[in-house]
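Novice: Supplied in structure tokens, the structure appears directly below.
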Amino acid sequence: MRREHALVVAGCLAACAALAPPARPQDGDLQPYFWPHRTVGIPVDADRIAKLPNKPSSLQLYYSVNRSAFQKGPKLPPDGMQQLDGGKKGFLFAAERDGDYEFTVQFVYPDGSTSPRSDELTPQQRIVIDATPPAVRLQPSNNGVEWRTTDDNLDPAGVTLQCKWPTSQEWTTVTERAFRASDTYAWKLPPGKVLEVRVQARDRAGNEGVSPVVKIPPDAATGVGFPKGPVADWPQGNPNLPAPRIDYVNTLKFDVDYAIQRMGRSGVQAAHLFVLKSQGNWELVKRFPVRLMPGDKDPQAQSLSLPYEAKEEGTYGFYVLPESGAGKKGDDPRREDPPMLYVVVDTTMPYVQITGVQAKKGGARGPIVEITWKAADPNLMPQPISLEWSLDAKAAKWNEIKYRLDNNLTRDTGRYAWEVPDENLWKFYVRIRAVDKASNTGEHVWGLRDPDGKNAPAEVIVDLDTPSGTINKARGGNTPSPPGGGSPKPPTGSDSAPRAAPTDLPKPPTGSPALPALP
Numbered sequence: 084m085r086r087e088h089a090l091v092v093a094g095c096l097a098a099c100a101a102l103a104p105p106a107r108p109q110d111g112d113l114q115p116y117f118w119p120h121r122t123v124g125i126p127v128d129a130d131r132i133a134k135l136p137n138k139p140s141s142l143q144l145y146y147s148v149n150r151s152a153f154q155k156g157p158k159l160p161p162d163g164m165q166q167l168d169g170g171k172k173g174f175l176f177a178a179e180r181d182g183d184y185e186f187t188v189q190f191v192y193p194d195g196s197t198s199p200r201s202d203e204l205t206p207q208q209r210i211v212i213d214a215t216p217p218a219v220r221l222q223p224s225n226n227g228v229e230w231r232t233t234d235d236n237l238d239p240a241g242v243t244l245q246c247k248w249p250t251s252q253e254w255t256t257v258t259e260r261a262f263r264a265s266d267t268y269a270w271k272l273p274p275g276k277v278l279e280v281r282v283q284a285r286d287r288a289g290n291e292g293v294s295p296v297v298k299i300p301p302d303a304a305t306g307v308g309f310p311k312g313p314v315a316d317w318p319q320g321n322p323n324l325p326a327p328r329i330d331y332v333n334t335l336k337f338d339v340d341y342a343i344q345r346m347g348r349s350g351v352q353a354a355h356l357f358v359l360k361s362q363g364n365w366e367l368v369k370r371f372p373v374r375l376m377p378g379d380k381d382p383q384a385q386s387l388s389l390p391y392e393a394k395e396e397g398t399y400g401f402y403v404l405p406e407s408g409a410g411k412k413g414d415d416p417r418r419e420d421p422p423m424l425y426v427v428v429d430t431t432m433p434y435v436q437i438t439g440v441q442a443k444k445g446g447a448r449g450p451i452v453e454i455t456w457k458a459a460d461p462n463l464m465p466q467p468i469s470l471e472w473s474l475d476a477k478a479a480k481w482n483e484i485k486y487r488l489d490n491n492l493t494r495d496t497g498r499y500a501w502e503v504p505d506e507n508l509w510k511f512y513v514r515i516r517a518v519d520k521a522s523n524t525g526e527h528v529w530g531l532r533d534p535d536g537k538n539a540p541a542e543v544i545v546d547l548d549t550p551s552g553t554i555n556k557a558r559g560g561n562t563p564s565p566p567g568g569g570s571p572k573p574p575t576g577s578d579s580a581p582r583a584a585p586t587d588l589p590k591p592p593t594g595s596p597a598l599p600a601l602p
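Quick note, this note's numbering runs 83 ahead of the 1-based positions in the sequence shown.
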């Protein structure tokens with residue numbers, strides 16, 4: 084029982100949907116994967132489980148946060164797994180906060196026994212959930228800038244310095260050297276010239292943070308340089324607030340969830356929701372009447388879902404103040420107070436298009452199909468590209484060529500070479516899908532423009548061989564019988580009358596061209 088569980092679980096937790104590249108293993112620990120959302124998919128090979136001689140009646144997911152004791156997660160029957168990205172099935176796990184999570188699956192059998200027992204659980208998968216973008220502080224310093232970046236999982240190669248002239252729309256990336264999380268850089272500017280500068284930072288989960296834009300040289304009213312001292316001495320806003328995180332939604336109407344962490348004996352009678360829009364100040368959205376009391380046992384009773392409707396796409400900051408039954412609440416947020424939560428409202432599908440498909444010979448197992456594409460969106464997921472094939476351009480379900488690909492040529496373009504292993508597959512359609520962080524999905528089927536300017540799906544042909552053959556001989560009525568005796572059967576519908584001798588055959592009409600001589 085233990086052995087079959089170990090084998091199947093090793094396959095179940097071998098990967099997570101669209102995971103970012105793994106970090107380096109530490110001291111023999113499980114290799115961690117970094118994931119930028121609070122919801123993560125844990126694939127399960129239900130087909131393989133169904134073939135086990137001793138099949139479990141259900142699967143129990145366990146998780147551990149920051150090396151703490153295992154806790155129970157969702158429990159599902161093998162045939163009731165949830166739908167994940169890429170056509171896979173498994174568990175959808177929703178984390179309450181960022182952290183270092185370890186996962187394992189326990190088999191539960193009809194008689195109540197389990198494998199392994201709860202006191203024998205060991206982690207099979209480690210995922211660092213990080214939904215918080217790096218914080219980047221940037222200050223001008225004469226003809227240069229100084230910056231400091233903070234993030235628990237900062238990508239060492241993820242710091243980018245960019246600049247542009249105020250009259251230009253395009254940012255130029257400084258590629259002279261690699262930049263550190265805390266660093267400086269200076270330019271030699273002509274007299275009277277002003278340069279706009281920003282710094283971008285990316286963490287291992289693919290979250291990106293960007294600094295405010297500063298101008299150099301700074302004007303007289305701008306402070307120059309950071310306060311001296313360690314990072315802990317920097318101004319950090321209100322220390323009693325949680326660090327802001329960022330969520331993505333693909334609808335203008337959504338809920339802001341807020342959890343009550345502490346309340347007095349009078350409970351909570353209202354929640355005040357504030358919003359911070361781009362280049363604005365905090366605004367009160369609404370005072371929501373509620374009724375929460377300290378005696379409520381249900382943890383859900385201590386949580387609030389406050390509705391909000393945005394007028395357009397953009398980034399919104401949110402701040403919630405609970406009001407006690409006695410009418411007490413904290414001070415309204417000030418302009419310098421950071422949001423408790425950022426929400427990026429993104430209702431637009433990513434732009435994605437296959438720009439070329441070329442079939443070539445030369446693969447060890449079959450022909451090579453090289454696919455190039457363009458995909459653009461300000462909020463693309465890490466590894467956002469999926470390539471698929473189908474015999475039907477309108478099929479509901481397509482087959483995987485390769486999932487979880489990056490734009491690997493430029494920021495907006497990529498290429499993948501697929502070796503077609505199925506020797507019976509000689510023509511098919513190719514589709515690309517791109518997904519953003521708000522779960523908007525754009526797709527495109529490879530095709531050619533028709534005269535009306537519309538895109539018509541086009542099949543990809545991978546049979547590149549030209550047939551060839553040779554003539555063995557010609558056979559007529561006087562052809563000798565094949566070895567083994569017997570006469571060849573007459574064609575269907577012929578009678579038993581003997582065939583005419585060659586001399587009895589009719590002559591070609593007069594004037595008929597002579598047959599060419601055989602080589």
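Glycine included, every Cβ here is placed at the ideal spot set by N, Cα and C.
Whole angstroms are fine: how far does the CA of P119 sit from the CA of S265?
Specialist: Using only the alpha carbons, I get a separation of about 23 Å.
Novice: Give me the Cα-Cα distance between Q245 and V293, rounded to the nearest whole angstrom.
Specialist: Cα to Cα, Q245 sits roughly 10 Å from V293.
Novice: If I measure Cβ to Cβ from T430 and keep anything under 8 Å in the same chain, skipping five residues before and after, which residues do I get?
Specialist: So the list reads N333, T334, L335, E396, A521 and N523, once near-sequence residues are dropped.
Novice: When we look at the beta-carbon of D629 and count the other beta-carbons within 10 Å, is it buried (16 or more) or exposed?
Specialist: This structure cannot speak to residue 629, because the chain is shown only from 84 to 602.
Novice: Under 8 Å: do the stretch 158-171 and the stretch 215-234 share three or more Cβ pairs, one atom per stretch?
Specialist: Touching, no, given that fewer than three Cβ pairs across the two stretches are closer than 8 Å.
Novice: Along the beta strand (DSSP E) that carries R200, what are the first and last residues, could you check?
Specialist: Premise fails: R200 is in no beta strand (DSSP E) and is neither H nor E.
Novice: Roughly how many whole angstroms lie between the Cα atoms of V545 and P504?
Specialist: Straight-line Cα distance between these residues: approximately 11 Å.
Novice: Go ahead and pull the three-state DSSP assignment for R370.
Specialist: Residue state, collapsed to three classes: strand.
Novice: Anyone know if the C-beta pair for V351 and E406 falls short of 8 Å?
Specialist: Yes. Within cutoff.
Novice: What number of angstroms, rounded off, separates the C-alpha of A459 from the C-alpha of T493?
Specialist: Those two C-alpha atoms are separated by around 11 Å.
Novice: Given a cut-off of 8 Å, decide if L359 and G413 are closer than it, judged by their beta-carbon atoms.
Specialist: Contact flag unset, no.
Novice: Does DSSP classify A177 as helix, strand or coil?
Specialist: Strand at A177.
Novice: Among P461, D128 and H355, which has the Cα closest to the Cα of R370?
Specialist: Nearest option by C-alpha distance: H355.
Novice: Contact check, G606 vs V148 under 8 Å by CB: the rounded distance?
Specialist: Any answer about residue 606 is impossible in this case: the structure gives the chain only from 84 up to 602.
Novice: Go ahead and label T267 buried or exposed: buried means 16 or more other beta carbons lie within 10 angstroms of its beta carbon, across all protein chains shown.
Specialist: By the 10 Å Cβ count, T267 comes out exposed.
Novice: So what's D495 in DSSP terms, helix, strand or just coil?
Specialist: In the structure shown, D495 sits in coil (DSSP, three-state: anything other than H, G, I, E or B).
Novice: For the candidate residues E502, E179, T243 and Q154, whose alpha-carbon lies nearest to that of R328?
Specialist: The shortest C-alpha separation from R328 is found at E179.
Novice: Using only the alpha-carbon positions, how far apart do E253 and K247 sit?
Specialist: The alpha-carbon atoms of E253 and K247 are separated by roughly 7 Å.
Novice: Closer than 6 Å by C-beta to P157: which residues in its own chain qualify, once you throw out the five before and the five after it? Chain order, please.
Specialist: If we look at P157 and ignore the five residues flanking it on each side, its Cβ neighbours are L144 and F174.
Novice: Helix, strand or coil: how does DSSP classify R285 here?
Specialist: Strand at R285.
Novice: Provide the residue(s) that pair with G292 in DSSP beta bridges, ordered along the chain.
Specialist: Note: G292 sits in a beta bridge opposite A284.
Novice: What's the call for V452, buried or exposed, on a 16-neighbour Cβ count within 10 Å?
Specialist: Buried is the call here.
Novice: Taking only the alpha-carbon atoms, compute the straight-line gap between S473 and T455 and give it to the nearest angstrom.
Specialist: Distance between the alpha carbons of S473 and T455: 18 Å.
Novice: Flag this pair as touching only if the stretch 414-434 and the stretch 475-489 have three or more C-beta atom pairs under 8 Å; answer yes or no.
Specialist: The stretch 414-434 is not in contact with the stretch 475-489.
Novice: Return helix, strand or coil for D489, following the three-state DSSP convention.
Specialist: Coil at D489, not helix or strand.
Novice: Counting only runs of 4+ residues fully inside the stretch 120-182, write out the alpha helix (DSSP H) ranges in chain order.
Specialist: For the stretch 120-182, whole alpha helix (DSSP H) runs of length 4 or above, ordered along the chain, are 129-133.
Novice: In chain order, what residues of the same chain lie with their CB nearer than 6 Å to the CB of K510, ignoring the 5 residues before and after it?
Specialist: So the list reads E542 and I544, once near-sequence residues are dropped.
Novice: Using beta-carbon positions only, say whether F337 and Y391 come within less than 8 Å of one another.
Specialist: In this structure, Y391 lies closer than 8 Å to F337 by Cβ.
Novice: Along the chain, where does the beta strand (DSSP E) that runs through M464 open and close?
Specialist: Element bounds for M464: L463 to S473.
Novice: Please classify N321: does DSSP put it in a helix, a strand, or coil?
Specialist: The predicted model places N321 with a pLDDT of 39, which falls under 50 and marks its position as unreliable, so this point remains unresolved.
Novice: On a Cα-Cα basis, can you pick out the residue from W501, E471 and L463 that is closest to N490?
Specialist: The shortest C-alpha separation from N490 is found at L463.
Novice: Run through DSSP, which three-state label would A353 get?
Specialist: Residue state, collapsed to three classes: strand.
Novice: So, using beta-carbon positions, are V528 and V440 closer together than 8 Å?
Specialist: Not closer than 8 Å, so no.
Novice: State yes or no: is the C-beta of Y331 within less than 8 Å of the C-beta of I210?
Specialist: Going by C-beta atoms, Y331 is not nearer than 8 Å to I210.
Novice: Go through its chain and collect everything with a Cβ distance to D238's Cβ below 7 Å, but skip five positions before and after it.
Specialist: R285, D286 and R287.
Novice: Out of curiosity, what's the CA-to-CA distance linking A177 and T122?
Specialist: Spanning the two alpha carbons is a distance of roughly 4 Å.
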